[in-house]
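Taking it in order: structure first as structure tokens, then the write-up.
2 protein chains.
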Amino acid sequence: MATFQIDTPFLENLKNLIQEQEDSKLKRKFKPMHYADVAEIIQLLSQDEATYVVKLLDSETTADALAEVDPDIRESILDNLSAKEIALEVTELDTDDAADIILELSEDRQEKVMSQIEDDEHAQDIRELLKYDENTAGGLMAKELVKVKEDLSVLKCLNEMRAQAEYVTRVHSIYVVDEKNRLKGRLSLKDLITANSKDKVKDIFIPKVDFVTVDQEKEEVAKIMSKYDLEAIPVVNQKKELLGRITIDDIVDVIKEEAEKDYQLAAGISNDVEADDTIFELVRARLPWLFLGLLGGLGSVFILQDFEDIMSEPQLRNLFFYTPLIAAMAGNVGVQSSAIIVQGLANDVVKGSLFNRLVKEIGLSLINGFALALVIIIFGLISQQEFNVSLTIAGSMMLVIVVAALVGTFIPIVLDKRGIDPAIATGPFITTANDIFGIFLFFYIAKLVLGF
Amino acid sequence: MATFQIDTPFLENLKNLIQEQEDSKLKRKFKPMHYADVAEIIQLLSQDEATYVVKLLDSETTADALAEVDPDIRESILDNLSAKEIALEVTELDTDDAADIILELSEDRQEKVMSQIEDDEHAQDIRELLKYDENTAGGLMAKELVKVKEDLSVLKCLNEMRAQAEYVTRVHSIYVVDEKNRLKGRLSLKDLITANSKDKVKDIFIPKVDFVTVDQEKEEVAKIMSKYDLEAIPVVNQKKELLGRITIDDIVDVIKEEAEKDYQLAAGISNDVEADDTIFELVRARLPWLFLGLLGGLGSVFILQDFEDIMSEPQLRNLFFYTPLIAAMAGNVGVQSSAIIVQGLANDVVKGSLFNRLVKEIGLSLINGFALALVIIIFGLISQQEFNVSLTIAGSMMLVIVVAALVGTFIPIVLDKRGIDPAIATGPFITTANDIFGIFLFFYIAKLVLGF
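Protein sequences, first through last, are from chains D and V.
Under our numbering, the first residue of the first sequence is numbered 20, with each subsequent residue one higher.
Under our numbering, the first residue of the second sequence is numbered 20, with each subsequent residue one higher.
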């Protein structure tokens, strides 16, 4: 691989150069690097070292790297830069990254930085992007794109494109607009190169063009771009005027963020936190779910207290030994069922009626429950438990598994139909609900069967 | 949005047309569709209906759609097609998709299909791709790419490119090779368009080009492409000869699959299953983890049996009521800790020593544990439990939480250092370990403190 290995000796060397303020050596080291490597290095340096590097290097080298680093680290570096210095960085960035960074600043700093941007057109584009919600297509798009009017000739189009392309890092499609800037279609670079130079744009452009509107949710944009394998998509307003474009690299980030959020939710972690966040950020993300679990546990205490009397019966008291097992089974089965449904809902593969789905889960749980129940009965025989007690435990566990699977299937589907993100249902929510449910069912069924 | 809405009335209408064999109407309906929409429709039809549609439409319309649909559905459709019909579909596909589909066929069917492909060069390219492991760069790459020799002039290069581009759907970069087909650099379409036609390729090409070798893991390729925001990357062998290229749309799929696999593992589902898989596939993916949980539960039975005697003590028996609570807390905390570490490891953000990380988890758990312990004590006061019993329960729960967090942090890091996917540790594995651990600690600490 041609890319660059950031290892400990390399980092140590870099830290020494920073320590000794070997500015020209540092500049030479960073000069040939990809911004993604610069970003990785910045994340591995201390705050002071990182600030030193950013101040030392020119914004051409650091701007894209700053746009890549973790927001917390970026904030701590930008705090040490003047409005003028930030403006220089922002000037180097595409409008979408520039707007993202400026939005993270305090409001009066935003104004100071904006007023220091020398390129008026760039500043105006950024100002426009600041208006959009960061969770929408408007929040993702950049103003950089190449567009031509439909009545140009291919030759003029090529010239126009050459002029515009200087400001656009990557050209995917050339968008074709009418005289009122309304999106009419697109022209691929490939088509342009393979076209006859006397052709007119309107003769060769593709009128079928996917687009999103500026207020569509970013998850929806991600779904569309990944479904249709698009590398860029134009963004329009209600009048179909071309406002900007979204590129696939930003969508890759959206998809990763989504997946991480779902994974964290499933593990009982709200908010977007990382291993390197502060203890208090982590407490805030984790404690609420533990409280939920605690309330569930206290609910179980109530249920179990009701059966205090059977503790004096040598065989019946065995039921108490099985409570963690029942709770664990109910929780595990519920999480399995809900995870499959949540993923199915996210990928639109959950077909058929709710009824069919529930029937399938019942079948599946009966098979799994039966296999597990056999183990319980064998274990009971080995440990010389009364057979009817083992049978009751095994049977009620089977029922608990079926109910837990139904709860795990049902809750995400209901949440989804009501427009709530079903990912919130997996993990602690389902586990806790099924813990209480399972223990409740287990003891009351045992009471019914064994007649105490 | 310009894309296409597949709703129930539309589907009903389609099913009717299939039923009544309205072939020309069907052809007209499918003609203008994007292959991703055709794929979605195929997934929503019954197997017979889908087969009817695939046989009816020409392979230009269906090939890419077939490459997109769920492998199980594809298999059931291909089973009803002749080798000749499959060969026609495969001929329309890019070599990477073609190879993926052929690899799913039985071995003697593979040979039959390959021998029916009329375009020899295409067949040869596919044969080459069949050799590579599907989890490597070779398994992802396509042979379709545009390359030029370094000593061409820009004008000749444009002509050469026009010829090659006919066979390449999307051109990202033009790869520059020497006379032995060794990768020397790249040329962007933009550079080519903006260059002077008298320039030579070797004067304008960019010698710095990222590449992967044919045997690199696909997850590694995904990491590189998403880190460096690449839309395509060339694949070379050990001699640096250019073999193919990987495009970002395939990488988006890899990233999604990875995320889904991790999510399923965290929920205790091995294998890649979907909501629509058969009951037996789902049993196989889910039952092993439930067995693990069951074994854990039986372990708890053993531990609890040891404390049977305290069931006759009115205050001490309260400990039994708290077992589900302790198990739930230990499980939840462990899953939270491991999820953060697993994500951190995947994103390379886990910095600092193992020691620092463990210290942080201890701090965090003490805060969370203290908050939860307070609730336990208040609950004990309300339910008129002896204060020393409540205090013991609260205190040992705090310790259980700290230990559970350490286990959740430690296990993924150790697995990762030994080259095992740490994602396997979250979910049932950590939950089960912490259930037993938690109950064990809880009862033995209580025994020590309360002296029974």
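Each residue gets a CB set at the ideal place from its N, CA and C atoms; glycine is no exception.
Nothing here was measured: the structure is a model prediction, and the numbers come from that model.
(request) Along the alpha helix (DSSP H) that carries V/A102, what are the first and last residues, could you check? (result) 102-111
(message) If you follow the beta strand (DSSP E) that V/V167 is in, where does it begin and where does it stop?
(response) 165-168
(message) Tell me the residue span of the beta strand (DSSP E) that contains D/K203.
(response) 202-207
(request) Count the C-beta pairs between the stretch 352-363 of chain V and the stretch 320-331 of chain D that are closer than 8 Å, then say yes if the count reaches three, no if not. (result) no
(message) Buried or exposed, going by whether 16 or more other CB atoms sit within 10 Å of the CB of V/F230?
(response) buried
(request) Determine the DSSP secondary structure at D/S172, reduced to helix, strand or coil. (result) strand
(request) Mind the definition here: the stretch 238-245 of chain D touches the stretch 192-202 of chain D only if three or more C-beta pairs lie below 8 Å; say whether that holds. (result) no
(request) Please list, in chain order, all residues of the same chain as D/L377 whose beta carbon is under 8 Å from its beta carbon, the five residues on each side excluded. (result) L425, T428, F429
(message) What does the alpha-carbon distance come out to for the pair V/D210 and D/K436?
(response) 50 Å
(request) Report the residue from V/S216, V/P431, V/I223, V/L400 whose alpha carbon sits nearest the alpha carbon of D/A294. (result) V/P431
(message) Against chain D, with Cβ distances strictly below 9 Å, would V/E31 count as a contact?
(response) no
(message) Rounded to the nearest angstrom, what separates D/E405 and D/L335 at their Cα positions?
(response) 9 Å
(message) At the 9 Å Cβ level, is D/G363 part of the contact set with chain V, yes or no?
(response) yes
(message) Between V/I267 and D/E250, how many whole angstroms is the CB-CB distance? I'm expecting something under 8 Å.
(response) 7 Å
(request) Would you decide whether D/E137 is buried or exposed? Buried here means 16 or more other CB atoms lie within 10 Å of its CB. (result) exposed
(message) Whole angstroms are fine: how far does the CA of V/L64 sit from the CA of D/V361?
(response) 22 Å
(request) Go ahead and pull the three-state DSSP assignment for D/E236. (result) strand
(request) Could you tell me which residues DSSP puts in a beta bridge with D/I252? (result) D/I265
(request) Drop a sphere of 10 angstroms on the beta-carbon of V/D119, count the other beta-carbons inside from all chains shown, and report buried for 16 or more, exposed for fewer. (result) buried
(message) Going by DSSP in three states, V/T155 sits in which element: helix, strand or coil?
(response) strand
(request) Could you tell me which residues DSSP pairs with D/Y54 in its beta bridges? (result) In the DSSP output, where bridge partners are listed per residue, D/Y54 has none listed.
(request) Check the Cβ-Cβ distances between V/L460 and every residue of chain D, and say whether any is below 9 Å. (result) no
(request) Round the Cβ separation of V/D170 and V/V220 to the nearest angstrom and send it over; I've been treating them as touching at under 8 Å. (result) 7 Å
(message) V/L301 and D/L383 - do their beta-carbons sit closer together than 9 Å?
(response) yes
(message) By the three-class DSSP mapping on this structure, what secondary structure does V/M20 have?
(response) Any answer about V/M20 is weak, because its pLDDT of 47 lies below 50 and its placement is not dependable; what the coordinates show is given next. V/M20: coil per DSSP, three-state reduction.
(request) For D/S192, write down the residues that DSSP places opposite it in a beta bridge. (result) D/S207
(request) With a 10 Å radius around its C-beta and 16 neighbouring C-beta atoms as the bar for buried, classify V/A182 as buried or exposed. (result) exposed
(request) From the DSSP output, read off the bridge partner residues of D/K219. (result) D/S172
(message) Please tell me whether V/L301 has its Cβ less than 9 Å away from any Cβ of chain D.
(response) yes
(message) Just to confirm before moving on: does the CB-CB distance between D/D454 and D/G315 stay below 9 Å?
(response) yes
(message) Do D/I359 and V/V292 have their beta-carbon atoms positioned less than 9 Å apart in this structure?
(response) yes
(message) Here's a check: name, in chain order, each residue in its chain whose Cβ is nearer than 8 Å to the Cβ of V/E123, leaving out the five neighbours to either side.
(response) P90, R93, E94, L97
(request) Assess, as a yes-or-no matter, whether the stretch 342-351 of chain D is touched by the stretch 306-313 of chain V under the definition of 3 or more beta carbon pairs within less than 8 Å. (result) yes
(message) Distance check for D/E260 and D/L208, CA to CA, integer angstroms please.
(response) 22 Å
(message) Tell me whether the stretch 452-468 of chain D and the stretch 327-341 of chain D touch, counting them as touching only if at least three CB pairs, one residue from each stretch, are closer than 8 Å.
(response) yes
(message) Considering only DSSP beta bridges, list what D/I225 is partnered with.
(response) D/R205
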